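Residue numbers (the working numbering): 9 to 475. Note that CB positions come from ideal geometry on N, CA and C, so glycine has one too. The structure presented is a predicted model; accordingly, all values stated were derived computationally and were not measured. Structure first, then comments.
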Amino acid sequence: MEQADIPFLSATQLASLIEARQVSPEEALHAYLDRIEQVGPKVNAYITQARQAGQEIQQGRYRGPLHGIPVAVKDQVHTTGILTTDASKIRADFIPTEDATVVAKLKEAGAVIIGKTNMSEFAIGDSFSSFKGPARNPWDLSRDPGTSSTGSGAATAARLCATSLGEDTGGSIRGPASLCGLVGLRPTWGRVSRFGADGACWSIDTIGPISRTVEDCAATIGAIAGYDPKDPYTRQVPVPDYRQALTGDIRGLKVGLVQDYLDPEKSGVDPRVRDAVIAAAGVLSELGADVRDVSLPLSVNCGVAIRTITHVDRVSLHPEWLRERPQDYHHNTRVSFSTANLIPAPVYYKAQKVRAMVRREVLGALEDVDVLIQPTSAAPAGVMSMDGTVASKQQAKQALHRGGYTGPYSLTGTTAMSILCGFSSEGDGGLPLALQIAGRPFDEATVLRVGHAYEQATPWHNRLPPI
Numbered sequence: 009m010e011q012a013d014i015p016f017l018s019a020t021q022l023a024s025l026i027e028a029r030q031v032s033p034e035e036a037l038h039a040y041l042d043r044i045e046q047v048g049p050k051v052n053a054y055i056t057q058a059r060q061a062g063q064e065i066q067q068g069r070y071r072g073p074l075h076g077i078p079v080a081v082k083d084q085v086h087t088t089g090i091l092t093t094d095a096s097k098i099r100a101d102f103i104p105t106e107d108a109t110v111v112a113k114l115k116e117a118g119a120v121i122i123g124k125t126n127m128s129e130f131a132i133g134d135s136f137s138s139f140k141g142p143a144r145n146p147w148d149l150s151r152d153p154g155t156s157s158t159g160s161g162a163a164t165a166a167r168l169c170a171t172s173l174g175e176d177t178g179g180s181i182r183g184p185a186s187l188c189g190l191v192g193l194r195p196t197w198g199r200v201s202r203f204g205a206d207g208a209c210w211s212i213d214t215i216g217p218i219s220r221t222v223e224d225c226a227a228t229i230g231a232i233a234g235y236d237p238k239d240p241y242t243r244q245v246p247v248p249d250y251r252q253a254l255t256g257d258i259r260g261l262k263v264g265l266v267q268d269y270l271d272p273e274k275s276g277v278d279p280r281v282r283d284a285v286i287a288a289a290g291v292l293s294e295l296g297a298d299v300r301d302v303s304l305p306l307s308v309n310c311g312v313a314i315r316t317i318t319h320v321d322r323v324s325l326h327p328e329w330l331r332e333r334p335q336d337y338h339h340n341t342r343v344s345f346s347t348a349n350l351i352p353a354p355v356y357y358k359a360q361k362v363r364a365m366v367r368r369e370v371l372g373a374l375e376d377v378d379v380l381i382q383p384t385s386a387a388p389a390g391v392m393s394m395d396g397t398v399a400s401k402q403q404a405k406q407a408l409h410r411g412g413y414t415g416p417y418s419l420t421g422t423t424a425m426s427i428l429c430g431f432s433s434e435g436d437g438g439l440p441l442a443l444q445i446a447g448r449p450f451d452e453a454t455v456l457r458v459g460h461a462y463e464q465a466t467p468w469h470n471r472l473p474p475i
């Protein structure tokens with residue numbers, strides 16, 4: 009195999025070659041580093057690059073499906089001896105002295121941490137707010153790669169890493185996965201340790217994979233999941249072999265198609281997204297799933313509630329930075345955090361009440377079906393405006409409303425995954441469209457099984473971005 013072809017393999021395909029000693033970890037690493045040198049400046053997916061490799065496989069000590077695999081990590085996750093900036097001038101010189109638990113677990117699995125990815129400043133706000141400049145969408149460099157795990161989405165789609173870690177509060181794994189044509193899994197709150205990750209909202213934050221295929225996603229979540237005494241909010245729940253769950257058999261599974269997100273008047277969904285999701289439901293039905301209509305009338309309007317909770321919680325973490333170094337924030341982040349400081353306590357309290365109602369609604373629906381499906385985003389990636397000003401009150405309302413697509417499962421604390429389900433047009437210039445699959449708490453295995461069955465029955469994951 010030519011070294012230049014290695015970055016175009018899935019992580020699990022590369023793992024098989026490494027296990028068989030047909031490709032060495034060093035060869036894989038250098039192939040990705042060459043790819044980063046060639047394409048990286050166009051995409052701006054990385055803030056810091058790291059280089060490491062091992063000889064264990066050559067000595068017969070193979071650790072599993074991530075051994076020797078180049079993995080990128082979002083820059084809010086601590087890495088010993090490597091800059092962790094949160095994409096902000098305020099943290100521009102911060103070098104952790106201890107790995108986050110997820111990084112330690114990746115290293116235990118033999119993964120190679122290839123770099124720290126770009127992101128929205130402090131994981132809240134606009135895709136262009138990084139002090140290193142914005143990451144770019146590999147499908148169209150003028151387009152939004154999704155917030156806030158911008159670089160993890162861009163790097164994975166551009167074949168600058170084999171798989172990556174993002175962090176999802178209101179949708180920051182699923183959003184980039186949606187707009188960059190990837191698989192992004194938000195695990196159940198408490199499934200993956202957050203020790204060593206700079207938080208955005210303590211009761212909603214999760215760390216999870218952004219990958220090119222469902223199997224890659226399963227391998228990545230399998231490496232990082234599990235109870236951690238350093239994070240008291242992790243649960244002592246057994247971690248299954250997620251790859252074994254990818255049987256391709258979804259006959260008899262009950263799938264709820266959420267109708268509220270398919271109504272343009274209620275949700276503002278783009279007709280191309282709506283049609284792709286309806287077509288995806290048809291594929292699942294052909295595979296033997298019992299697809300039925302369901303409704304989440306409150307959840308579709310929860311965008312304001314989740315934005316209120318997450319922004320108030322985020323700005324409360326380091327209020328001294330806003331008081332003492334306001335000039336070091338991106339303008340839009342500074343405005344966002346300043347506004348969050350002005351939200352009255354009764355409004356925050358009301359948002360928490362809405363959260364409880366949304367949770368009851370979602371979990372109630374999941375008593376009757378095994379998974380829920382709907383669009384991940386209202387529309388394909390839009391052109392990224394570097395201006396960032398709010399043009400009108402209507403635009404602001406639309407931005408808040410978009411949070412209602414991923415927000416219900418964040419507020420509920422359950423698992424949800426975004427998967428590619430089509431393109432906005434045939435041929436060159438088409439932008440990814442995405443299906444969201446949500447499941448019961450700690451049932452990532454069923455979500456992955458449904459996603460894998462769909463993926464293997466459709467051709468979308470075989471299409472490459474034109475970069």
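query, result
"Pairwise C-alpha distance: residue 31 and residue 47", "22 Å"
"Complete alpha helix (DSSP H) runs within the segment 271-313 (minimum length 4 residues, chain order)", "272-275 and 279-294"
"Coarse secondary structure for residue 241, derived from DSSP in three states", "coil"
"For residue 337, the residue or residues it bridges with in DSSP", "None; residue 337 has no bridge partner."
"Residue 122 in three-state terms, based on DSSP", "strand"
"Segment contact flag, the segment 74-88 with the segment 117-126, C-beta cutoff 8 Å, min 3 pairs", "yes"
"For residue 128 and residue 194, the rounded distance between their alpha carbons", "18 Å"
"Contact under 9 Å by Cβ, residue 215 with residue 174", "yes"
"Limits of the unbroken beta strand (DSSP E) element including residue 382", "379-383"
"Beta-ladder partner(s) of residue 428, from DSSP", "442"
"Straight-line gap, residue 15 to residue 126 (C-alpha atoms, nearest Å)", "20 Å"
"Separation of residue 423 from residue 179, as counted between CA atoms", "11 Å"
"Nonlocal neighbours in the same chain, by C-beta distance under 6 Å from residue 248, ignoring five residues either side", "453"
"Closest residue to residue 169 among 37, 191, 299 and 227 (Cα-Cα distance)", "37"
"Beta-carbon proximity check, residue 201 vs residue 232, cutoff 9 Å", "yes"
"Length at least 3, wholly inside the segment 116-165: the beta strand (DSSP E) runs in chain order", "120-125"
"Coil, strand or helix - residue 81 by DSSP", "strand"
"Whole-angstrom distance between residue 255 and residue 328, CA atom to CA atom", "51 Å"
"Euclidean distance between Cα positions of residue 145 and residue 387", "15 Å"
"Host beta strand (DSSP E) of residue 261 (start-end)", "First-last for residue 261: undefined, no H or E at that position."
"Between the CA atoms of residue 27 and residue 344 - distance to the nearest angstrom", "48 Å"
"Distance between beta carbons of residue 156 and residue 391, contact taken as under 8 Å", "Not really, about 19 Å apart at Cβ, beyond 8 Å."
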